[in-house]
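*Asks:* Per my numbering, the very first residue in the sequence shown carries number 8; after that it's consecutive. Using N, Cα and C, we set each Cβ at its ideal position, and we do this for glycine too.
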Amino acid sequence: MKSKRASRAMQGFQAVWSLALLAGCGDEGLTQGHAFSLQAGLLLGDPYANAIGPGTNSPVLEADRALGGPDEQSAIVLGLLNTALVLDMGEGEEGTGDLSVYYSGVSIGVVTYVDFLRTDGSLISSGLLHLVKIRGSKQVTDVAYSAAPTPYRYVRIRGLLAVPYAVDAVEAASIVTQNTEG
Ligand SMILES: [Ca+2]
8 MKSKRASRAM QGFQAVWSLA LLAGCGDEGL TQGHAFSLQA GLLLGDPYAN AIGPGTNSPV
68 LEADRALGGP DEQSAIVLGL LNTALVLDMG EGEEGTGDLS VYYSGVSIGV VTYVDFLRTD
128 GSLISSGLLH LVKIRGSKQV TDVAYSAAPT PYRYVRIRGL LAVPYAVDAV EAASIVTQNT
188 EG
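Structure representation (structure tokens):
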């Protein structure tokens, strides 16, 4: 009797623990500022990519899955030379701050680059993209934008030789201020 009650209590504990894990899932790594910028983005404009930009090449599979907010659907950047995923932040929604990259599928910790581009495709600056080996199913990391607040229209995420990875979404910490009154 005593052991039965103990085991029932244990089951209850496990259920609560599982729920806590579920509830907490996805919040890890997201800072307060991140949540704030997400909300501000919804009010003022879209901080996510709107379209595939020029220069995206065939070693990127399902590139359009990197558009919009994180939804666990990812573009696959194959581990081939000169692979590039170029994302268009949108006209009037150019990024002006650091870029958060939602990614997954990394087998070893590696570093690549994100290029920040003007509307004409010219390079403004590049930032390091640190991809850590994924412990869970997804990860988010910030790429520093050194030329802030110069607006960037496109971001070019460079591939890595022999190390494929998946990009779910990109999010600018800040975007050009939109005049909602038109
Ligand atoms: Ca996605």
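Compute the Euclidean distance between the alpha carbons of glycine 97 and glutamine 146, then round it to the nearest angstrom.
*Replies:* 24 angstroms
*Asks:* Tell me the residue span of the beta strand (DSSP E) that contains arginine 72.
*Replies:* Run containing arginine 72: none; DSSP gives neither H nor E here.
*Asks:* Taking the alpha-carbon positions, what's the tyrosine 110 to glutamate 178 distance?
*Replies:* 12 angstroms
*Asks:* Determine the direct distance from the alpha carbon of glycine 104 to that of alanine 180, and round the result to whole angstroms.
*Replies:* Each residue's Cα considered, the two are about 5 angstroms apart.
*Asks:* How far does the beta strand (DSSP E) with tyrosine 4 in it reach, from first residue to last?
*Replies:* Residue 4 is absent from the structure shown; the chain starts at 8 and stops at 189.
*Asks:* Quick one, which of Gly86, Asp78, Gly75, Gly52 has its alpha-carbon nearest leucine 68's?
*Replies:* Gly86
*Asks:* So, under 8 angstroms CB-CB, valine 113 and leucine 135 are touching, yes? Tell me the CB distance rounded to an integer number of Å.
*Replies:* Not a contact, Cβ separation roughly 15 angstroms.
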